[in-house]
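Residue numbering for the sequence shown follows this note's numbering, beginning at 125 and increasing consecutively. To start, the structure under review is shown below, and the notes come after it.
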Amino acid sequence: MIQSEIKKYYLFVFLVFVSMISVDVAFACGSVAQNFGAYEQNKNKTKVEAFLKSQACGSDDSYSPLHAEPVIARVLANAIEIGVPGENIEGVFKKYNCLYTARHQEIYRKISDFLGEGKFAKYCNLEKFKKMYVVSSDGGANLRSKPSKTAKKLGTVAESVLVTNGKVYGDWILVDTYSGTGYMHSSTLKPYITDD
């Protein structure tokens, strides 16, 4: 009888441990806006390091660089201040396109100085960024199977979401989205990078 109770106890402890892990993972793999938006300035180096590592699970179809990148930059600046290892900061910086839309923030210099010129140049591929666009149409934009307004609609991409690998075909741009690959009218997109 006692052995049975001990086994139940260890099983209970194991299940509690597993449930705690899965709660963290579910949070970590939520939307970029939820993850970084819910982040508060944290002075616990271990927690910040774990948070940044968790961001490797991928962004989502709601990733809006215009809204997310300035917030992510503040998180990285906080991580630098409390001494989080460089590889965690580099991973997030690289994954989110060098936080290009946050480059005019005062804290951006702290991040670029921390990484150094070599790594900054390695991760910030402007040629790649020139093929990226942000949906600028109110209410989103249609993704079509061919470069025509009468072509089959494959889906709708939300406003301010980043699309990649743009290749121009007249007034249409072939792009990759989280919904798949298709054509979007150029009037519904604006370049991710600008010459300002």
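Ideal Cβ placement from N, Cα and C applies to all residues, glycine included.
Three-state secondary structure (DSSP) of residue i
i	result
D237	helix
V292	strand
I204	helix
K276	coil
V172	helix
I196	helix
H309	strand
N266	strand
T225	helix
Residue i burial status per 10 Å Cβ neighbour count (16 or more: buried)
i	result
G294	exposed
K169	exposed
T318	exposed
Near the ligand HEM: residue i beta-carbon under 7 Å from a heavy atom
i	result
A282	The ligand HEM is not among the ligands present in this structure, which contains no ligands whatsoever.
Expected contact under 8 Å - CB spacing of residue i and residue j to nearest Å
i	j	result
E193	T225	5 Å
N221	K177	That belief does not hold up - the Cβ atoms of N221 and K177 are roughly 19 Å apart, past 8 Å.
V83	G290	Shown here, the chain extends from 125 to 320; a query on residue 83 therefore has no answer.
Y316	V258	6 Å
L313	S260	6 Å
Problem - Validate contact between the segment 275-286 and the segment 187-194 using beta carbons, cut 8 Å, 3 pairs - result: Of all C-beta pairs linking the segment 275-286 to the segment 187-194, three or more are shorter than 8 Å, placing the two stretches in contact.
Problem - Given 8 Å, three or more beta-carbon pairs between the segment 228-238 and the segment 193-210 - result: In short, these stretches touch, since the Cβ pair count reaches three.
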